[in-house]
Each structure stands twice: as structure tokens, then as C-alpha cells.
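Undergrad: Position one of the sequence shown corresponds to residue 767 (our numbering), numbered consecutively onward. Ideal placement from N, C-alpha and C gives every residue a C-beta, glycine not left out. Take this structure, written in C-alpha cells, and hold onto it; I'll ask about it next.
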Amino acid sequence: MKTVIFAVAALLCATMQIKAAETADKAWAETYPAIEKQIKVPEFRNKEYKLLDFGKRSNTEGYLYTELINRVIDRCSSEGGGKVVIPAGTWLTGPITLKSNVNLHLEEGATLLFTTDLKEYPLVRTRWEGMDCYNYQPMIYAYEQENIAITGKGTIDGGASRPNWWRMCGAVKYGWEEGITSQRIGRPILMEWNEKGVPVEQRKMGDGYGMRVQLVNPVKCKNVLIEDVTLLRSPFWVIHPLLCENLTVRGVHVENDGPNGDGCDPESCKNVLIENCYFDTGDDCIAIKSGRNRDGRIANIPTENAIVRNCRMKNGHGGVVVGSEISGGFKNLFVENCVMDSPELERVIRIKTNNCRGGVIENIFVRNVTVGQCKEAVLKINLVYEQREKCQRAFPPVVQNVFLENVTCQKSKFGVKIEGFPDICNIRNVEVKNCEFNNVTSGGNSITGMTEGIRFINLKINGKLCEEFPSNQ
767 MKTVIFAVAA LLCATMQIKA AETADKAWAE TYPAIEKQIK VPEFRNKEYK LLDFGKRSNT
827 EGYLYTELIN RVIDRCSSEG GGKVVIPAGT WLTGPITLKS NVNLHLEEGA TLLFTTDLKE
887 YPLVRTRWEG MDCYNYQPMI YAYEQENIAI TGKGTIDGGA SRPNWWRMCG AVKYGWEEGI
947 TSQRIGRPIL MEWNEKGVPV EQRKMGDGYG MRVQLVNPVK CKNVLIEDVT LLRSPFWVIH
1007 PLLCENLTVR GVHVENDGPN GDGCDPESCK NVLIENCYFD TGDDCIAIKS GRNRDGRIAN
1067 IPTENAIVRN CRMKNGHGGV VVGSEISGGF KNLFVENCVM DSPELERVIR IKTNNCRGGV
1127 IENIFVRNVT VGQCKEAVLK INLVYEQREK CQRAFPPVVQ NVFLENVTCQ KSKFGVKIEG
1187 FPDICNIRNV EVKNCEFNNV TSGGNSITGM TEGIRFINLK INGKLCEEFP SNQ
């Protein structure tokens, strides 16, 4: 009898492997190129609007070019679009508002340096950690625009440091002291407004709330390109496309070691390409999001169809991450040909969420990733993230269809680390195939909680093959 049971089980397992292989192969062969074909890069009228054709350099220390830059952008857009050219030199400015059909182009040697004077930042509609609100205007912002770009070999410098923006995170190590206005005030209030469903129009942050701004934040825009620029010292998330369609981030260089210093966080976006970029961050390098808790579930707009390829990641909490603000769900991520390496890179592929969120995260395909070292795990799936969060815990998320192939790592604590729920099986169909992880200091993988269909196929850890099916399945 036992022999028959084992034979049937083996047959079912083999069938599952075949179907999984077919799913992954078909996704790379068909879904991937179909997504790539949908992503439209904006095109612009062949006309240049050179900044100094519309104004002069000032000899006054601390002079802000905010009005000049925005006036030239407005004129370019109203006349049919083109390229607004920022010449070499440092240009101190307040927030910039991009308009349709405008390519904001920074020549090599040009730096947009943003003021730290909060009085220069009016309130606009955005999201802050996945929660809808009105907050200080992000440094480069666009709302409901089409065909916009930021390009060139210049630099966008948020000017953030411990004495100004970063201490507003409320952490002593970033310069916060008693009496400094910080997100310790605003963040719990916004989270309460979210849980109670307070209308967005009444969620006015700004002065007295201590909520930092994003560096680049296009909202509800279509056909967006960010290419070649260097982005430094953001107060908060660096690139935060929100509710956008057809987004290309190409060849950018991101360095930002401040708190919540995520590199690129597409949120509730459709058709995303991130390629040939460099990330060295104080938080996640790339983090895909879709709203937090009630706001994300009510909007119910997933991020879908994202490609990440040929990128390099140095420091960060994770290389390519899904979550944690992922209540609207996510589907279809393709990661390939990336290189990651740093003792301060904590994970390579990371999915983080909890039962405040809800949502379905599915169809994640990763191949040909080379890792020198990471601190914790090559793949981490965590459904019990941020257990101290105050929220209604009635929305367990689902993670399913995660495939890693040909991923190598030379040093980590774990190979695969999975933390599921103890009483509900919401992690399903995860396959790690033809991978090799060396110098794994824990000796192997760690799987806790209920899971279904976890498969290790030709996975070598410290030179030894892992079991195809872990013993706790």
C-alpha cells in the first residue's frame, strides 16, 4: 500500500514539475516579448528650449531658478513640446512640474540642486508609503501628463542630509532629536486616516507633520522616460512612478544612502522597463508596490508587467523587491542578467507583505542573475513582515508562481528563506532550478509556515544537491 502511495505522490510531483517548467518557458517565450512590445517610449518635437534663452544666471547667493525652469517647461508644452535644456552648472531650485510633451534634458555637467526650504514646496496629491494624501510637492512632479521625460548626463541632487531632510525620518542615527518635526507625527496620523477611510481631500499633511518628499514622482502619467541621469541624496524614495502606464527607466545611476532611500518604486503602474541601471541605496534598490492596506484594496490597481534587466545593485535591503505596500496586488515580473554584490545587500529577490495588505502576488520569473554576496538570503518570501503594524489583520495575501533559474551566489546566510502563515497555505508553486549558492553560512534553506509546491531542482548549496522537495512539505 505504501509503495502505491509513494508512486502516486512521485507521479503527481513529476507532473507538477513538467507543468511548472512549461509555465516558465512559455512566460519567457511569449509573455515577456509581448510586454516589451507594449512599452512605448515617448517621442518629442524636434525643438530645443535652452534655459538661458529665457533668463540669465544670477550672481545672488541662494537664488532659486524655480520660476524660470517652470516657465520654460510651460512654454515648451504649450507650443507643442520639445526639449528643455538645462546647461552645465549648478542650478538651485524649488520643485519642478513637468508637463506633457516635454523632455527635461540635463547636459553633462548640469546639476539641479533642490532647496531644503520647506516653504518652497506647496501641497500636491501623491501617495506616501502607499497611502493617498496631499503632501509637500515632490522635487520633480507631474500629474496627469503624457509623453514626458528626464534625460541627459547631468545630475539631479535632492540635497538631503542628516541636518535637513533625513532627520525628519525620526531616527536618532539620522540626526533626529527631541523637538524636531518628523514623520513620528505625520506617519501614524496618515495610517489612521487610511484605516478609517478619511477622504483624501481631508488628508492634508505639510507643515507640522514631518513627511519627506520623493525626488521624482510622476502621477497618473502615460509614456514616461527617465534616462541616463544621476540621482543623488533624495529625502525619501528616489524614483516613484505612481499610477503610470508605459514607464522606461534606462541607464540611470542612483546613489542614496538615506532613510527609506529606495531607488525605483513603480506603484500601481502598468508596463514597466528598468534596464542598464545602477543602484546603491539605503533601502530597496527596486521595490514594486500597489498601495497600502485599505487605500490599496479600495483602489485595487495592481502593478503589472514589469521587466528588470542588465542592472547592477550594490547596497540595499533588497535587489528586486515586491512589497511591502502591495495591497492592490502584482503580476508578471521578469528579472534577468543582473549583477548584485555587497555585504550590505540584504537579499537578492524579496517578497514582503502581511495580513494587513491582502492582494495576490503572482508570476515572478528570474534568470541569469550573478551575486557576489548578500547578507541574508538569495530568495526571501515573507508574509509576516512588520508585525508591529497597527491595522486590521483580516487580509492574508497570496504569493504564487515564483521561478528562479540559473542564479548564482558566492556568499549568504541562507539560500532560500520563506516565512509563511502558520495556519493558512498562501505561498504556492515556488521553483528554484539550476542554481548554485556557495558559502551559505546557515548551511541551507529555511522554510517556516504552511507552503505548497516548493521545489528545488538541481539546486546546489555549498556544493551539495538539495532535496527536490523539502521535508516540511
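#1: Once DSSP output is grouped into helix, strand and coil, what is the label at Thr832?
#2: Straight-line CA distance for Cys1104 to Asn1076?
#3: In chain order, what residues of the same chain have a beta carbon less than 7 Å from the beta carbon of Asn836, not counting five sequence neighbours either side?
#4: Rounded to the nearest angstrom, what separates Arg881 and Gly860 at their Cα positions?
#5: As an exercise, report each continuous beta strand (DSSP E) stretch of at least 3 residues that is fully enclosed by the segment 966-1015, in chain order.
#6: When you compare the CB positions of Leu1149 and Ile1115, do they come within less than 8 Å of one another, or not?
#7: Using only the alpha-carbon positions, how far apart do Val1137 and Lys803 sit?
#8: Given the structure, does Leu870 come close to the ligand ATP, in the sense that its CB is under 7 Å from one of the ligand's heavy atoms?
#9: Are the CB atoms of Asn812 and Met897 nearer to each other than 8 Å?
#10: At what residue ranges does the segment 1108-1192 contain a whole run of the beta strand (DSSP E), taking only runs of 3 or more?
#11: Can you give the Cα-Cα distance for Arg1194 and Val1086, rounded to whole angstroms?
#12: What distance in whole Å lies between the Cβ atoms of Leu878 and Tyr902, which are believed to be in contact at a cut-off of 8 Å?
#13: Assuming contact is defined by CB atoms lying nearer than 8 Å, are Thr1207 and Cys1191 in contact in what I supplied?
#14: Residues in the same chain with beta-carbon distance under 6 Å from Pro1001, minus the five sequence neighbours each way, listed in chain order, please.
#15: Determine contact between the segment 813-833 and the segment 935-953, defined as no fewer than three beta-carbon pairs at a distance below 8 Å.
#16: Can you tell me which of the three DSSP states Asp840 falls into?
#17: Tell me the rounded alpha-carbon separation between Cys779 and Ile1147.
#18: Considering only residues of the same chain and omitting the five flanking positions on each side of Glu1070, which have a CB-CB separation below 6 Å?
#19: Over what stretch of residues does the beta strand (DSSP E) that includes Ala1072 continue unbroken?
#20: Taking just the CA atoms, how far does Trp857 sit from Ile916?
#21: Exposed or buried, what is Arg1058 when buried is set at 16 or more other beta-carbons lying within 10 Å of its beta-carbon?
#22: Could you tell me which residues DSSP puts in a beta bridge with Ser1212?
#23: For Met905, does the three-state DSSP call read helix, strand or coil?
#24: Short of 6 Å in beta carbon distance, which residues of its chain neighbour Asp1046, apart from the five on each side in sequence? Order them along the chain.
#25: Among Lys1179, Asp840, Val1198 and Asp1189, which one has its Cα closest to the Cα of Glu1110?
#26: When burial is assigned at 16 or more other CB atoms within 10 Å of the CB, is Thr1014 buried or exposed?
#27: Please report how far the alpha carbon of Ile1117 lies from the alpha carbon of Glu1185, in whole angstroms.
#28: Rounded to whole angstroms, what's the CA-CA distance from Val1018 to Thr921? Just pull it up for me.
#29: Using a 10 Å radius around the Cβ and a threshold of 16 neighbouring Cβ atoms, would you call Arg1159 buried or exposed?
#30: CB-CB under 7 Å to Asn1026, same chain, minus the five flanking residues each way: which ones, in chain order?
#31: DSSP on Asn1098, reduced to helix/strand/coil?
#32: I'd like the span of the beta strand (DSSP E) that includes Lys816, first residue to last.
#33: Is the CB-CB distance between Arg928 and Ser948 below 8 Å?
#34: Since Ile906 and Val868 are thought to touch, with beta carbons under 8 Å apart, how far apart are those beta carbons, to the nearest angstrom?
#35: Gly847 and Asn913 - do their beta-carbons sit closer together than 8 Å?
#36: Per the DSSP calculation, Ile862 is bridged to which residue(s)?
TA: So, to answer that:
#1: In this structure, Thr832 counts as helix in the three-state DSSP scheme.
#2: Whole-angstrom Cα-Cα distance: 5 Å.
#3: Only Ile862 and Thr863 meet the Cβ criterion.
#4: The question names Arg, but residue 881 is Thr in the sequence shown. When rounded, the distance between both Cα atoms is 6 Å.
#5: With a minimum length of 3 residues, the continuous beta strand (DSSP E) runs that stay inside the segment 966-1015 are 982-985, 988-993 and 996-998.
#6: It is not a contact, given that the beta carbons lie outside the stated cut-off.
#7: Inter-residue distance for Val1137 and Lys803 is about 29 Å (C-alpha atoms, whole angstroms).
#8: The ligand ATP is not among the ligands present in this structure, which contains no ligands whatsoever.
#9: It is not a contact, given that the beta carbons lie outside the stated cut-off.
#10: With a minimum length of 3 residues, the continuous beta strand (DSSP E) runs that stay inside the segment 1108-1192 are 1113-1118, 1126-1137, 1143-1148, 1164-1175 and 1180-1185.
#11: Approximately 20 Å between the Cα atoms of the pair.
#12: Separation of the CB atoms of Tyr902 and Leu878 is rounded to 17 Å, and the pair is thereby denied contact status at 8 Å.
#13: Remark: C-beta atoms of Thr1207 and Cys1191 do not approach each other more closely than 8 Å.
#14: Excluding the 5 residues flanking it on each side, Pro1001 has same chain C-beta neighbours closer than 6 Å at Gly924, Ala926, Trp931, Arg978 and Val979, in chain order.
#15: Judged by pairs of C-beta atoms under 8 Å, the segment 813-833 does not touch the segment 935-953, as fewer than three such pairs exist.
#16: If DSSP states are grouped into helix, strand and coil, Asp840 belongs with the helices.
#17: Any reading at Cys779 is ruled out, since the residue's pLDDT is 41, under 50, leaving its predicted position unreliable.
#18: Result list for Glu1070: Lys1036, Lys1097 and Asn1098, in chain order.
#19: Per DSSP, Ala1072 belongs to the beta strand (DSSP E) from Thr1069 to Arg1075.
#20: Each residue's Cα considered, the two are about 16 Å apart.
#21: With 16 or more other Cβ atoms within 10 Å, it is buried.
#22: Assignment of beta-bridge partners to Ser1212 by DSSP yields Lys1183.
#23: Coil, per DSSP.
#24: Residues of the same chain with a CB within less than 6 Å of the CB of Asp1046, apart from the 5 flanking positions on each side, are Glu1021, Lys1080 and Asn1081 in chain order.
#25: If we check each option's Cα against that of Glu1110, Lys1179 comes out closest.
#26: Classification of Thr1014: buried, given that the 10 Å Cβ count is 16 or more.
#27: Taken atom to atom, the span from the alpha-carbon of Ile1117 to that of Glu1185 is near 10 Å.
#28: Val1018 and Thr921: Cα-Cα distance of roughly 10 Å.
#29: So Arg1159 ends up on the exposed side.
#30: If we look at Asn1026 and ignore the five residues flanking it on each side, its Cβ neighbours are Cys935, Phe1002, Trp1003 and Asp1049.
#31: Taken through DSSP and simplified to helix, strand or coil, Asn1098 comes out as strand.
#32: Looking at the DSSP string, the run of the beta strand (DSSP E) that includes Lys816 is Glu814 to Lys816.
#33: Pairing Arg928 with Ser948 gives a Cβ-Cβ distance that is not under 8 Å.
#34: Incorrect: roughly 11 Å between the Cβ atoms, too far for contact.
#35: Yes.
#36: According to DSSP, which records beta bridges pairwise, Ile862 is partnered with Ile906.
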